[in-house]
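In this note's numbering, the protein residues as written are -16 to 731. Virtual Cβ for every residue (Gly too), placed ideally from N, Cα, C. Here's the structure, in structure tokens; my notes come after.
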Ligand code: S3P
């Protein structure tokens, strides 16, 4: 066995939660030995028969001997007694955790045993997963998958213990969140304990009536849904209500007050107020649906991650394959889903944006296998096979998902709502809603300024239009063309300048005829797509950071393999070459209908500033943050014009980059549609041009990655805030960048 996470894990108690975690540990070989102590001999025998433990003990002291992880998986009220018993047998390096639903009382129990000197390995925890079933047989290896696990590290908890527990729970595919004990108990009182209390109480209220038989016999779905959790273990809830008494009483007070308000509205027949309350609550439920639907991968708004890049880097070298193209990955799922037959995708980008699209189609009833090592199999449902999702579709950070899906959803038979994270919620959606309305769609941008959420009413009959795009946007072009698949007659779009043409290319690959005549693209509605093989090339937009990194670093030598070089995406290559970069495109070939090549960059010449040709702007639209870093290292001025679109990307990339560059000592002037950057480099001189400093990325992945590259020419440390969105497009960024020679430290 290669290095397991733990030498010996001892479970004290082995019910639903404990045995599920044991299943994960055994299945993934996370420990050399797993043992348990429970009072029930039968549980131990069953656990052995299930292969979950190799030894069972009735005395916890025997179980914990030599254990480096002890999991208390028993009722919280038993914590103090057990701790007293096992305390002398816990070593300094042992991690001690629990899985109880309340945390304050667990900490109190530990303090009663240890006094104020709690062991460094003690980290209370609470997996928010469970079911009405109990016992060792009810456990499931995937019980925690896509669920949250809250750890409540104490001031005394050591980071090695916290880190290892995070690793353990992440292996169970849980999303780990750290919060303090009081916050945990207050949050849980409202979100879990109060709803359980209300469910038990309502069932009790109805069960005590004389006509209870009728009530239960004729109970409709509402009662069934609401009372489901009242089937849980009474003893456990009895304990929880006492254990979290203070926070629960607060929550009950709030409930009583709110109940009084609605009661009065009904009593006074205050129709307007009652409609207001119900409408508000319904909108809130819809708005937060995506959170209730548990999509942990995409719920990163609140997480703040930081990159720290230390100065002193000397090299930037290596051969790399960056992850799959984001634009192509999105489209492979969308088109595969509405095709007839099966679509097999390789090289799929397992980043959060593309996963948001994938999840949206799963939510609409499409069966999708994977992604696993970039492979995805989509069982297409045909043009009329999508089903109404149970709740709002959550698009995370992804503008591409929201705009392209707007077109597709406008043509469906069902209503949909799409929401997004903080960054996406600020992005303009009227640009796609407007042309779709001209096609007959019923679509509303319900945010403040034509921004998400986007609400779409189905059942509309769409008709083809011709639309002159007011801005160069592949997303808007694609959204309109996709609606056109279901529209009557021809749908055509004329773009002011060519933008990425992946939609056109891939629709053709799925057997759908799309005409391109100059700047005009058209198709005729009513056809069908046929499942196919899609090979996603490496994303030139991700490769761009490495190209710039190599171009600004002396003696660098980077080879980026199998990068997509679709001519509508190669502005970065052209612009870097014009700036004098030593860049060659080698081994050009075709893979899966898209041209690809290896890109070789060496830091052998100093860059010079240029006026960026406006016709290159749409072809390099996502690469400007990285190019601005290159411009700062160049000799002379770089001027960008005709790039107003940069202001409505994941952040206002002109302003945010200008702010960051200024912080790091670069003289630059943002303009309405571009920027002027005074390069600080000198031909033949590779010394630092940036001073270091604190950068705010505004939840924009490309801002974060661009300023990381600035670390290659910085005299001081760079701290970049809000870097969690890097995972939307380039989940392996820090790993690859550090392999090349950067020193990025990630902290959360
Ligand atoms: C994309 C189009 C571009 C680009 C985005 C992906 C696409 O956006 O910036 O990252 O996949 O169609 P716009 O259409 O807003 O220019």
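Classification of residue i by the beta-carbon crowding that lies within 10 angstroms, buried from 16 upward
i           : result
residue 225 : exposed
residue 583 : buried
residue 309 : buried
residue 255 : exposed
residue 273 : With a pLDDT of only 43 at residue 273, under 50, the local geometry of the prediction cannot be trusted, and the value read off the model is given with reservation. Burial call: buried.
residue 285 : Only weak support is given to the placement of residue 285: the predicted model assigns it a pLDDT of 48, under 50, and the question is left unresolved by the model.
residue 246 : exposed
residue 283 : Below a pLDDT of 50, predicted positions are generally treated as unreliable, and residue 283, at 38, falls in that range; the measurement from the model is reported next regardless. Answer is buried; the Cβ neighbour count reaches 16.
residue 249 : exposed
residue -5  : buried
residue 22  : exposed
residue 652 : exposed
residue 492 : buried
residue 472 : exposed
residue 814 : This structure cannot settle anything about residue 814, because the visible part of the chain is limited to -16 through 731.
residue 176 : buried
residue 378 : buried
residue 483 : buried
residue 367 : exposed
residue 2   : buried
residue 616 : buried
Residues bridged to residue i (per DSSP)
i           : result
residue 16  : -9
residue 607 : DSSP lists no partner for residue 607.
residue 360 : 327 and 352
residue 686 : In the DSSP output, where bridge partners are listed per residue, residue 686 has none listed.
residue 523 : Answer is none; residue 523 lacks a bridge partner.
residue 302 : 542
residue 585 : 540 and 565
residue 484 : Paired residue(s): none; residue 484 is not in a bridge.
residue 515 : Residue 515 pairs with nothing; no bridge assigned.
residue 131 : 158
residue 580 : 546
Residue i Cβ short of 7 Å to ligand 1 heavy atom set
i           : result
residue 605 : yes
residue 621 : no
residue 632 : yes
residue 408 : no
residue 437 : no
residue 313 : yes
residue 365 : no
residue 639 : no
residue 599 : no
residue 457 : yes
residue 636 : no
residue 77  : no
residue 310 : yes
residue 624 : no
residue 333 : no
residue 482 : yes
residue 382 : yes
residue 691 : no
residue 661 : no
residue 525 : no
Reference residue i, options the options, closest by Cα
i           : options               : result
residue 146 : 108, 74 and 713       : 108
residue 559 : 599, 294, 654 and 65  : 599
residue 116 : 213, 149 and 130      : 213
residue 663 : 532, 611 and 216      : 611
residue 564 : 540, 589, 544 and 470 : 589
residue 697 : 357, 87, 725 and 686  : 725
residue 26  : 488, 39, 17 and 14    : 39
residue 66  : 45, 96, 57 and 19     : 96
residue 159 : 131, 418, 340 and 62  : 131
residue 544 : 581, 240, 259 and 572 : 581
residue 86  : 448, 111, 77 and 520  : 111
residue 418 : 440, 467 and 441      : 467
residue 104 : 121, 155, 50 and 541  : 50
residue 539 : 524, 561 and 586      : 586
residue 729 : 712, 699, 326 and 688 : 688
residue 732 : 6, 682, 257 and 394   : The first residue shown for the chain is -16 and the last is 731, placing residue 732 beyond what the model contains.
residue 523 : 515, 121 and 557      : 557
Min CB distance residue i to chain B below 8 Å
i           : result
residue 344 : Absent from the structure: chain B. Only one protein chain is present.
beta-carbon residue i near ligand 3 non-hydrogen atom, thresh 7 Å
i           : result
residue 239 : In terms of ligand content, the structure shown lacks ligand 3 and carries ligand 1 instead.
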